[in-house]
Each structure stands twice: as structure tokens, then as C-alpha cells.
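Protein chains in written order, with full-length UniProt numbering: chain A, 1 to 468; chain B, 1 to 102.
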């Protein structure tokens with residue numbers, strides 16, 4: 001009998017397909033309800049920091065330069081009150097083989113696939129992760145398929161995503177380009193079933209553990225250079241893995257006092273699965289369309305339990321506008337002589353704002369950069385926006401309306417990151433946990449888990465539960 | 001345009017028709033099919049517009065409408081955005097220019 005290949009048919013085989021494609025039995029860590037043993041999952045299916053470092057070094061991943069943004073820091077001090085303006089550094093992750101920090105995640109995932117004997121790897125991604133998986137697969141001699149959401153129904157595609165397809169193909173990967181819609185996941189499942197390849201998901205324990213080396217390196221380098229840990233590390237937040245891995249790496253270094261700040265580009269009001277709004281956004285990652293839903297429900301990812309759990313590690317969450325990030329990208333090139341892709345500069349834009357709040361002796365680390373080039377540069381992205389009817393002008397970024405305009409700050413003092421109410425996100429996550437598990441009685445263990453998963457307390461969780 | 005077996009081509013197919021789309025899809029997306037573009041080596045001769053089969057770079061067989069032979073990347077740096085010039089000029093002026101520097 002042939003298999004049911006309809007949308008509903010394939011989706012109903014989801015768990016079985018995933019089990020074969022990841023080699024992890026998630027049931028082992030389950031309690032049967034809301035809670036699960038996160039640390040056990042990370043310990044038993046991940047790798048130790050030493051192992052990960054060794055795996056990454058063997059393919060030239062990691063150990064990237066930490067660059068001081070001397071002129072940007074000077075600029076910040078010019079627009080700050082006397083004595084304010086922290087030193088800003090960037091961890092130049094564009095120096096990784098595939099051009100972004102995602103090489104760290106891919107290095108471990110692809111190593112793991114090779115070790116388990118899979119013939120190939122598949123990843124569903126429009127972003128830098130696809131290039132990273134393709135690059136690592138090339139090094140290990142594995143086949144690679146990248147599934148992308150690329151075009152609207154008119155066949156128009158974001159220059160950034162098209163460039164990423166080129167990069168994947170340059171590394172020998174097969175790229176499957178789809179039009180807008182969440183059924184990308186359906187195509188992904190069909191391919192896993194057809195090929196028997198490994199799901200190099202962004203959200204497996206090895207994928208997240210791969211980023212731990214980034215947090216660890218930051219702490220070690222700062223101790224070497226300044227004799228202490230940084231005060232703030234800003235992480236661009238989309239699916240949550242970047243922040244989770246970095247924060248875990250900092251903890252493994254014993255850098256417990258570092259404030260971990262999430263930063264996303266504000267795309268509020270734009271529906272991520274809308275065909276007509278698809279090309280109205282100028283950022284394809286690192287934005288609130290991923291950052292908020294993945295923070296408040298991390299297990300929406302392509303594995304039963306996501307290893308990326310940002311609320312567990314986040315001390316603060318700020319949003320910046322598209323205009324602020326494009327402006328910052330140009331500032332980075334013009335003032336520091338470092339030309340990098342815009343998406344990776346989301347956290348740099350946030351850092352410029354945060355630095356103004358802090359004393360001059362404080363240290364902020366922006367923990368990533370990404371490669372740039374045709375398609376993946378401010379010029380084609382703004383040009384594409386203008387062609388799609390988006391107004392581009394100088395002004396006050398607070399007047400920016402995603403999908404309508406991109407407002408470049410009149411001057412750097414107009415770069416102002418806005419705080420998201422973390423307690424609201426935590427409440428929303430707890431509410432989601434209850435709604436997704438309607439039959440389960442909330443146990444003491446569940447409350448303890450929710451407190452840990454939201455970096456709060458048992459009292460906080462209990463007060464939220466009482467309100468629901 | 002005629003394509004020979006073995007040529008590197010781009011094909012197009014419909015993954016889901018509008019009525020087959022996922023229930024959670026927004027209304028505007030539900031009106032259109034989910035389309036797919038894949039590249040591969042053509043298995044038998046064909047003409048652009050024909051339904052053909054290809055062998056992809058990973059060795060999978062895919063079927064679809066022949067779109068393009070030797071598909072080209074057309075993305076570039078886009079049209080010039082003059083506003084970008086002003087950012088560098090004003091930032092350098094703020095940082096290095098003015099009275100302090102004369």
C-alpha cells in the first residue's frame with residue numbers, strides 16, 4: 001500500500017519521521033506533562049564543551065577575532081552624558097568558514113550525522129544556517145539538501161534569500177526553493193522520508209551545544225584582555241538557539257554575572273506566512289516574527305523538544321527598527337572599516353543604544369557578525385524595499401511602521417532600543433504550556449520546571465497560574 | 001528553447017494546490033498554490049514548458065515543468081540608494097570633523 005502523501009497524511013507521520021531523522025528518543029526525557037528533563041537531554045545527547053571545541057577546530061570553526069569598535073564607542077560617548085558610553089566589541093563570526101556563527105551549530109550537527117552513519121543531511125532554513133550545513137557537509141563528504149521559503153506567488157524573492165541559495169549551491173548542496181507558507185515543513189518531512197537523511201535541525205541538543213563554544217570563547221578572551229568578564233553580551237534573537245547556546249557557554253566559563261540581552265528587529269504587524277506581506281519585510285531573520293513566538297513557545301520548532309530555550313537565559317529583551325540596523329551596518333563599514341551583512345548587526349544597533357546607559361568602563365560584547373555580498377547587503381535590501389513600495393527616509397525611527405517605511409535615524413542619538421516586557425513573555429509562555437497540555441494536572445515538578453524555563457521563581461509561576 | 005538530456009536545468013512544480021493548503025495558512029496565501037523550484041540534470045530531451053524529469057545534485061528524481069536551461073543567478077547589489085552616502089559623510093563629520101579637528 002502506498003503512503004498517504006497529502007498534507008494531513010504526512011503531518012500525521014511527523015513523530016515517526018523525526019525519530020528516524022534525528023536518532024534521539026525524546027520520550028526518555030519526558031515527564032508525561034509540561035516538564036521534561038532539559039539538562040539530561042543536553043547532557044546525554046549533546047557533547048561536552050571540550051568535544052565540541054575539538055570538533056569545531058577540526059573544520060576551522062570558532063576562535064574568531066574579538067574586535068574593539070573604537071570609533072563607534074567614541075561616537076556613542078559624543079552623544080551620551082558625561083562618563084557614559086561603554087566600550088563596544090564585536091565577535092567577528094563572519095570569519096567562520098560559511099560566514100556566520102551558524103557554522104558552530106552546523107559543525108556539531110553534521111559531525112553527529114556522519115558519526116551515526118547518515119548519507120546526507122537536510123535543513124529547512126532560508127538563512128545562514130543553510131550555508132553552514134552545506135559547508136560542513138562538503139567537508140565531511142555528506143550529501144546536503146536545503147529547503148528554503150524563497151518567493152511570493154509572483155515569483156519575486158528577497159535578494160538575501162536568493163544569495164543564500166547561491167552560497168548553498170556553491171558548497172554542493174541541493175536547494176529546494178518554495179513559495180511562502182508554513183507547509184515548508186511538509187516538504188521537509190517528505191524529503192526526510194524519501195532520502196533517509198539526517199535532520200540537521202537548528203534545535204537539537206548538538207545544534208545548540210555548538211554555540212556554547214561562542215559564549216565560552218567570549219568569556220576567556222575578555223579575561224585574557226581585560227582580566228574580567230564582559231558586563232553585557234547582546235545576542236540577536238530569532239529561534240532562540242543563538243542566545244541559549246551563548247548563555248550556556250558563558251555559564252560553563254563561570255561567567256555568571258554577565259547580563260545576557262536579546263535583540264530583535266521590530267517586524268510587528270507583518271504576518272510571517274502571508275503571501276502579500278512576504279516581500280514587505282527587509283529582514284528574513286533575527287526579527288520579532290521569530291523572536292517572540294519562539295520565546296513564548298520554543299517547542300513549536302521541528303523537534304519534539306527544542307534545545308533552544310531563550311527565556312531560560314534572557315535577562316533583558318530589546319527591539320530595534322529596520323532603519324536603525326541598516327544605519328548601523330553603514331556606520332560599521334564607514335567608521336570601523338568592517339563591512340558585514342545587516343542581519344548580524346541587529347545586536348550592534350542595540351549595543352549602541354545600551355552603551356549610552358552604561359559607564360565608560362563597562363564592556364559590551366556583540367556576539368556575532370555575518371558575511372555580506374550581492375543580495376545580502378544593505379544596498380540590494382533597501383533597493384528591493386523601495387521597489388516594493390516601502391518609503392525610505394531619514395527621521396525618527398520611532399515613526400517606523402514595518403511594511404510601510406524604513407526610517408534611517410537622523411543622527412546616531414536617534415538609535416534607541418525599546419524594552420519588551422519580559423514578565424509578559426514569561427506569562428505568555430506559561431499560558432502556552434497550560435493550553436498545549438489541557439489534560440495534564442500541573443505538578444510540583446511542572447512548576448519547578450516552569451520557574452527554571454522562565455528564569456523566574458516558583459512564586460512567580462504560581463502567581464501566574466492563579467491568574468489564568 | 002530545446003534542452004538535451006544531461007543539461008543542467010531549473011524545473012517548477014506545484015507542491016500543494018490552493019485547496020490542499022494547511023488550515024492555519026492566512027487567507028491571502030490560501031488563494032495561491034505552494035510552488036517549488038528545483039535544479040537538476042535533465043533525464044530526457046525537452047523544450048521549455050514541457051513536463052520533464054531531472055536528477056538533482058543529490059541524486060533524487062524530481063518532475064516538473066522545464067523553466068530554464070543553465071539557470072543563472074540574477075541577484076545583484078540593486079539600484080543605488082543615495083541616502084546611504086549621507087550616513088558615512090555625517091558620521092565622519094561628527095567624529096573627526098568640525099572645530100576640534102582644524
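Just so you know, even glycine gets a beta-carbon here, dropped at the ideal spot from N, CA and C.
Beta-carbon proximity list for residue i, same chain, < 6 Å, skipping 5 on both sides
i, result
"residue 329 of chain A", "342, 345, 378"
"residue 416 of chain A", "353"
"residue 96 of chain A", "61, 103"
"residue 150 of chain A", "157, 161, 177"
"residue 36 of chain B", "13, 15"
"residue 287 of chain A", "264, 265, 267"
Rounded straight-line distance, which links the Cα of residue j to that of residue i
i, j, result
"residue 294 of chain A", "residue 90 of chain A", "25 Å"
"residue 58 of chain B", "residue 444 of chain A", "50 Å"
"residue 190 of chain A", "residue 10 of chain A", "7 Å"
"residue 320 of chain A", "residue 55 of chain B", "44 Å"
"residue 359 of chain A", "residue 397 of chain A", "25 Å"
"residue 36 of chain A", "residue 440 of chain A", "13 Å"
"residue 38 of chain A", "residue 45 of chain A", "11 Å"
"residue 355 of chain A", "residue 446 of chain A", "38 Å"
"residue 70 of chain B", "residue 63 of chain B", "17 Å"
"residue 335 of chain A", "residue 94 of chain B", "11 Å"
"residue 269 of chain A", "residue 93 of chain A", "31 Å"
"residue 338 of chain A", "residue 385 of chain A", "24 Å"
"residue 139 of chain A", "residue 59 of chain A", "7 Å"
"residue 431 of chain A", "residue 309 of chain A", "16 Å"
"residue 243 of chain A", "residue 44 of chain B", "49 Å"
"residue 233 of chain A", "residue 214 of chain A", "11 Å"
"residue 301 of chain A", "residue 241 of chain A", "11 Å"
"residue 434 of chain A", "residue 458 of chain A", "16 Å"
"residue 217 of chain A", "residue 48 of chain B", "53 Å"
"residue 277 of chain A", "residue 361 of chain A", "44 Å"
Sequence-distant residues of the same chain with beta carbon closer than 8 Å to residue i, five excluded per side
i, result
"residue 30 of chain B", "18, 21"
"residue 390 of chain A", "280, 282, 403, 404, 405, 406"
"residue 39 of chain B", "8, 9, 10, 11, 54, 56, 57, 71"
"residue 226 of chain A", "363"
"residue 401 of chain A", "269"
Close-in-space but distant-in-sequence residues of the same chain around residue i (CB under 7 Å, 5 per side omitted)
i, result
"residue 229 of chain A", "219, 222, 223, 255, 257, 258"
"residue 23 of chain A", "116"
"residue 108 of chain A", "47, 52, 55, 206, 207, 209, 210"
"residue 299 of chain A", "305, 306"
"residue 399 of chain A", "407"
"residue 40 of chain A", "29"
"residue 105 of chain A", "129, 132, 202, 207, 210, 211, 241"
Local Cβ density within 10 Å of residue i, reported as buried at 16 or more and exposed below that
i, result
"residue 5 of chain B", "exposed"
"residue 195 of chain A", "buried"
"residue 203 of chain A", "buried"
"residue 72 of chain A", "buried"
"residue 75 of chain B", "buried"
"residue 43 of chain A", "exposed"
"residue 129 of chain A", "buried"
"residue 449 of chain A", "buried"
"residue 468 of chain A", "exposed"
"residue 73 of chain B", "exposed"
Cβ-Cβ separation, residue j to residue i (assumed contact under 8 Å), whole Å
i, j, result
"residue 25 of chain B", "residue 273 of chain A", "6 Å"
"residue 121 of chain A", "residue 137 of chain A", "5 Å"
"residue 100 of chain A", "residue 357 of chain A", "About 28 Å; that fails the 8 Å criterion."
"residue 394 of chain A", "residue 83 of chain B", "7 Å"
"residue 246 of chain A", "residue 347 of chain A", "Not really, about 10 Å apart at Cβ, beyond 8 Å."
Among the options, nearest to residue i - alpha-carbon criterion
i, options, result
"residue 17 of chain A", "A:433, A:67, A:304", "A:304"
"residue 549 of chain A", "A:251, A:323, A:372", "Residue 549 of chain A lies beyond the residue range present for chain A, which begins at 1 and ends at 468; the question has no answer from this structure."
"residue 411 of chain A", "B:81, B:86, B:53", "B:86"
"residue 199 of chain A", "A:187, A:124, A:248", "A:124"
"residue 422 of chain A", "A:370, A:76, A:317, A:465", "A:317"
"residue 178 of chain A", "A:161, A:311, A:435, A:170", "A:161"
"residue 349 of chain A", "A:370, A:340, A:326", "A:326"
"residue 438 of chain A", "A:426, A:33, A:232", "A:33"
"residue 14 of chain B", "B:1, B:3, B:33, B:27", "B:33"
"residue 426 of chain A", "A:418, A:462, A:409", "A:462"
"residue 96 of chain B", "A:110, A:75, A:240", "A:75"
"residue 420 of chain A", "A:292, A:183, A:388, A:175", "A:292"
"residue 429 of chain A", "A:366, A:312, A:297, A:442", "A:297"
"residue 152 of chain A", "B:28, B:23, B:91, B:2", "B:28"
"residue 383 of chain A", "B:84, B:90, B:78", "B:78"
"residue 88 of chain B", "A:170, A:119, A:332", "A:332"
Minimum Cβ-Cβ distance from residue i to chain E less than 8 Å
i, result
"residue 346 of chain A", "The chain labelled as chain E is not found among the protein chains of the depicted structure, namely A and B."
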